Amino acid sequence: MTTQATAPYAVLILRIALGTMFIAHALLKILVFTPEGTVGYFASLGVPGWFAYPTMAIELIGGAMLILGIKTRPVSLALIPVLVGAMVLVHGAKGWLFTNEGGGWEYPLFLIAALIAQSLLGNGAITLKSIINKSH
Numbered sequence: 040m041t042t043q044a045t046a047p048y049a050v051l052i053l054r055i056a057l058g059t060m061f062i063a064h065a066l067l068k069i070l071v072f073t074p075e076g077t078v079g080y081f082a083s084l085g086v087p088g089w090f091a092y093p094t095m096a097i098e099l100i101g102g103a104m105l106i107l108g109i110k111t112r113p114v115s116l117a118l119i120p121v122l123v124g125a126m127v128l129v130h131g132a133k134g135w136l137f138t139n140e141g142g143g144w145e146y147p148l149f150l151i152a153a154l155i156a157q158s159l160l161g162n163g164a165i166t167l168k169s170i171i172n173k174s175h
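Our numbering numbers the first residue of the sequence shown as 40 and each following residue consecutively.
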């Protein structure tokens, strides 16, 4: 049963899960594919290669901000264009199911829905600001 006491913690779980997903995808691009490889991949999609750098930064910084509960609403909305780009340029032609070869667009669409929900719900419990305020 959802109550006023438990709802903020449910929002916290969503916020941490989303932040973790974005950090993981940024680190994949940075540490595994390498920034240069990611630039090349973006260029192969017909997107200017330099778009890879702001994409990696938005994923990494946005993910961290979500985990810390900093500007959760606008950050959630700012991450949506990254996923729209992934849906249109990478996953769109591969069908709905993410289990299709190359991954379909169901997973990016689900993350968009989760980001919209997060933007409507706000921070939830336990943010960096709440921790700092308690220590003073």
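We put the beta carbon where it would ideally sit given N, CA and C, even for glycine.
These numbers come from a predicted model, not from an experiment.
C-alpha gap between residue i and residue j, whole angstroms
{"i": "Leu116", "j": "Ala152", "result": "11 Å"}
{"i": "Gly71", "j": "Val78", "result": "Note that residue 71 corresponds to Val in the displayed sequence, not to Gly. Their backbone Cα atoms lie some 13 Å apart in a straight line."}
{"i": "Gly58", "j": "Ala49", "result": "14 Å"}
{"i": "Ala44", "j": "Leu160", "result": "14 Å"}
{"i": "Thr102", "j": "Tyr80", "result": "Reading off the sequence, residue 102 comes out as Gly, not Thr. Going by the C-alpha atoms only, they are around 22 Å apart."}
{"i": "Ile165", "j": "Leu99", "result": "20 Å"}
{"i": "Ile69", "j": "Thr42", "result": "41 Å"}
{"i": "Asn139", "j": "His130", "result": "10 Å"}
{"i": "Arg112", "j": "Ala91", "result": "24 Å"}
{"i": "Leu136", "j": "Gly76", "result": "26 Å"}
{"i": "Ala82", "j": "Ala56", "result": "30 Å"}
Cβ pair residue i, residue j closer than 8 Å
{"i": "Pro47", "j": "Gly163", "result": "yes"}
{"i": "Leu53", "j": "Ala156", "result": "yes"}
{"i": "Leu150", "j": "Met95", "result": "no"}
{"i": "Leu122", "j": "Val114", "result": "no"}
Distance between beta carbons of residue j and residue i, contact taken as under 8 Å
{"i": "Ile109", "j": "Leu154", "result": "Rounded, the Cβ-Cβ distance is 15 Å, inconsistent with contact."}
{"i": "Ile97", "j": "Leu118", "result": "7 Å"}
{"i": "Gly124", "j": "Lys133", "result": "About 15 Å separates the two Cβ atoms, so there is no contact after all."}
Counting Cβ pairs closer than 8 Å, one from the region 85-94 and one from the region 140-160, do we hit at least three? no
Inter-stretch contact at 8 Å, needing at least 3 Cβ pairs: the region 165-174 / the region 56-65: Taking 8 Å as the limit for Cβ pairs, the verdict is that the region 56-65 does not touch the region 165-174.
At 4 residues or longer, what runs of the alpha helix (DSSP H) sit wholly inside the region 93-156? 111-124
At 4 residues or longer, and completely inside the region 49-95: list those alpha helix (DSSP H) runs for me, N to C. 74-83
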